[in-house]
Amino acid sequence: MYIAERETELIKIVDISRELSISESLLRRIISDLERTNILSTIKGRS
Numbered sequence: 017m018y019i020a021e022r023e024t025e026l027i028k029i030v031d032i033s034r035e036l037s038i039s040e041s042l043l044r045r046i047i048s049d050l051e052r053t054n055i056l057s058t059i060k061g062r063s
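Taking the numbering used here as reference, the numbering of the sequence shown is continuous, increasing by one, and the terminal residue is 63.
Structure, rendered in structure tokens:
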């Protein structure tokens with residue numbers, strides 16, 4: 017289950033990076049910063 021979730025996340029990262037036309041590595045850094053500050057889990061909890 018966990019692996020499938022990570023795979024889905026990676027696909028989303030690629031899609032989002034294409035849409036926003038920013039690099040994948042930059043988007044990953046943004047996401048990891050959000051996870052570190054615990055903002056992402058708060059956002060995920062609301063949806």
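For each residue, glycine too, the CB sits at the ideal point set by N, CA and C.
Original post:
Three-state secondary structure (DSSP) at Ile38?
Top reply: Of the three classes helix, strand and coil, the one that applies to Ile38 here is coil, per DSSP.
**OP:** Give the DSSP-derived three-state secondary structure of Thr53 in the structure shown.
**Re:** coil
Original post:
Is the beta carbon of Leu43 less than 9 Å from the beta carbon of Ile32?
Top reply: yes
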